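Sequential numbering of the sequence shown, starting at 963, is according to the numbering used here. Every residue, glycine too, gets a C-beta built ideally from N, C-alpha and C. Bear in mind the structure is a predicted one, so any value in this text is a computation, not a measurement. Scroll down for the structure; my scribbles are underneath it.
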Amino acid sequence: MSITSKPFGQTPDGKQVDIFTLTNKNGLVAQITNFGGIVTSLSVPDRDGKMADVVLGFDDLDGYVNEHPYFGALIGRIGNRVAKGKFTLEGKEYTLAINNGPNHLHGGLKGYDKVVWKAQPIETADGPSLRLMYVSPDGEEGYPGTLTCGVTYTLTNDNTLKIEYDAVTDKATPINLTQHSYFNLAGHNSGDILSHEAMINADNFTPTDETLIPTGEIWAVEGTPMDFRTFAEIGARIDSSYEQIKFGGGYDHNWVLNNKDGKLALAASFYEKTSGRLMEVLTTEPGVQFYVGNFLDGSNVGKGGAVYNYRNGFCAEAQHFPDSPNQPGFPTTILQPGQTYKQTTAYRFSIK
Ligand code: BGC
């Protein structure tokens, strides 16, 4: 087991960026750059022990500096959408960038996916670890308060990529951090993910309007194509006439996880039968955004020249619900001075 680093290039404003290679005792390998805290590759075995890189991404820093759909990145200060880029907190209205139709998405024009994090490699008994730190100034992208964020990635010896987040603030602020890796368990360059099977441990989801802002209602998955309480092929019901799927252009919704006690629990599982790879997602968070790459259109040329087409990867972003600052009925995302934000999400790999 080891963690090594090498230079990954320079940002347009001249900051040096590194890439870290974490190898666990079973030979799984994760590569992570401190630009955006991006997981650039993740190699895990299939049922014959053959390794494949199961996350979409680029070979070099330029790919990540340029516009791309958040491949592998840390997302903040607020993951997903804020309606019309506005919210009111403690009587004051805040305005955020509108960067997705009429709404704010993934922290704005320069979110945590585009900043350089301070990095510290650590060898732990559980496996190699990378501690990332970022201080988001008061007013950055319109958000109130200086937010000091830490994210620790560990590639554990039981074949899990564990992500532990923490943050403190000096003014009340909304916060909803997440990780935006796109997975294809057959390998990042293996075409669409429609034949993967998914299970989501959720009886309910939050329906949206046509701009993907939650209506505030909580709907049962029962009797709808959103029902993944037992394993189902991702593609089996995706092109139905169900209005919610039409709005998302496919699955692009927040599932309300059954686990509500804030302890780490199984949120979702994904299985790819030709390779035998199984990925389980565990989280302390109340929701998971299951997004199936509906906006991938072949315009991103990634690692080894791979062209990422429509639905060639899926994301399982563990987080609080979208638009929470405007939704009094949803679990709060407000962090107060003196409190510590914490969330843990783990992607656990095995074969079946
Ligand atoms: C959102 C999608 C968006 C994607 C990449 C996901 O978290 O739910 O609507 O297109 O991120 O930008």
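Which residues in the same chain have their Cβ closer than 8 angstroms to the Cβ of Thr1135, if we skip the five residues on either side of it in sequence? Excluding positions up to five away in sequence, the list reads Arg1039, Leu1051, Tyr1105, Pro1106, Gly1107, Leu1109, Ile1296 and Leu1297.
Quick check on Asn1138: buried or exposed, where buried means 16 or more other Cβ atoms within 10 Å of its Cβ? Asn1138 sits buried, since 16 or more C-beta atoms from the chains shown fall within 10 Å of its C-beta.
What separation, rounded to the nearest whole angstrom, lies between the Cα atoms of Lys1314 and Thr1192? When rounded, the distance between both Cα atoms is 16 angstroms.
For Ser1005, which three-state DSSP category applies? Correct three-state label for Ser1005: strand.
Output the distance between the C-alpha atoms of Gly1255 and Glu1184, rounded to the nearest integer angstrom. Between Gly1255 and Glu1184, the C-alpha separation is close to 24 angstroms.
Quick check: does the Cβ of Phe1232 come within less than 7 angstroms of any heavy atom belonging to the ligand BGC? No.
Quick check on DSSP: helix, strand or coil for Pro1064? When DSSP states are grouped into helix, strand and coil, Pro1064 belongs to the coil group.
Tell me which residue opens and which closes the beta strand (DSSP E) that Phe970 is part of. Going by DSSP, Phe970 is part of the beta strand (DSSP E) stretching over Ser964 to Gln972.
beta-carbon Asn1042 near the ligand BGC non-hydrogen atom, thresh 7 angstroms: Yes, Cβ of Asn1042 sits closer than 7 angstroms to a heavy atom of the ligand BGC.
Could you tell me the distance, in whole angstroms, from the CA atom of Ile1084 to the CA atom of Ser967? If I take the Cα positions, the gap works out to 12 angstroms.
Would you grab the beta carbon distance between Leu1147 and Arg1239 for me? Rounded to a whole angstrom, and I think it's under 8 angstroms. Contact annotation, Leu1147 with Arg1239: C-beta distance approximately 4 angstroms; criterion of less than 8 angstroms satisfied.
Quick check on Val1243: buried or exposed, where buried means 16 or more other Cβ atoms within 10 Å of its Cβ? Looking at its Cβ environment, which holds 16 or more other Cβ atoms inside 10 Å, Val1243 is buried.
So, helix, strand or coil for Tyr1309, using DSSP? Under the three-state reduction of DSSP output, Tyr1309 falls in the strand class.
Are there any heavy atoms of the ligand BGC lying less than 7 angstroms away from the beta-carbon of Leu1297, as far as the coordinates show? False, no ligand heavy atom lies under 7 angstroms from that Cβ.
Can you tell me which of Asn1119, Val1130, Ser1261 and Leu1058 puts its alpha carbon nearest to the alpha carbon of Gly989? Residue Asn1119 is the option with its Cα nearest to Gly989.
Taking only heavy atoms of the ligand BGC into account, decide whether any of them is closer than 7 angstroms to the Cβ of Gln1251. For Gln1251, the shortest C-beta to heavy atom distance toward the ligand BGC is below 7 angstroms.
Quick one: residues in its chain with C-beta nearer than 7 angstroms to the C-beta of Pro1099, no 5 flanking neighbours on either side, listed in chain order? If we look at Pro1099 and ignore the five residues flanking it on each side, its Cβ neighbours are Thr1108.
Other residues of its chain near Pro1169: CB distance less than 8 angstroms, five sequence neighbours each side excluded: Sequence-distant Cβ neighbours of Pro1169 in its own chain, meaning closer than 8 angstroms and more than five residues away, are Pro1176, Thr1177, Glu1179, Trp1181, Gln1206 and His1215.
Near Arg1339, what residues of its chain come up, given a Cβ to Cβ distance below 7 angstroms and the 5 sequence neighbours on each side ignored? What is shown of the chain runs 963 to 1314, which leaves residue 1339 out entirely.
So Leu1091 and Thr1122 are supposed to be a Cβ contact under 8 angstroms. How far apart are they, rounded? Checking the displayed sequence, the identity of residue 1091 turns out to be Ser instead of Leu. Rounded, the Cβ-Cβ distance is 12 angstroms, inconsistent with contact.
Report yes if the C-beta distance between Val1269 and Leu1219 is below 8 angstroms; otherwise report no. Taking C-beta atoms as the reference points, Val1269 and Leu1219 fail to come closer than 8 angstroms.
Option nearest His1150 by Cα separation, candidates Thr1131, Asp1015 and Tyr1253: If we check each option's Cα against that of His1150, Asp1015 comes out closest.
Taking only the alpha-carbon atoms, compute the straight-line gap between Gly1011 and Glu1126 and give it to the nearest angstrom. Rounded to whole angstroms, Gly1011 and Glu1126 show a C-alpha spacing of 28 angstroms.
Please find out if some non-hydrogen atom of the ligand BGC comes closer than 7 angstroms to the beta-carbon of Asp1259. Not one heavy atom of the ligand BGC lies closer than 7 angstroms to the C-beta of Asp1259.
Just to confirm the assignment: which complete alpha helix (DSSP H) runs, minimum length 4, are found wholly within the segment 1214-1288? As for any alpha helix (DSSP H) of minimum length 4 sitting wholly inside the segment 1214-1288, there is none.
If we ignore side chains and look at the alpha-carbon of each, how far apart do Gly1034 and Gly1019 end up? Roughly 7 angstroms separates the two Cα atoms.
Return the chain-ordered list of same chain residues with a C-beta closer than 7 angstroms to the C-beta of Lys1076, the five sequence neighbours on each side being excluded. Cβ within range, chain order: Gly998.
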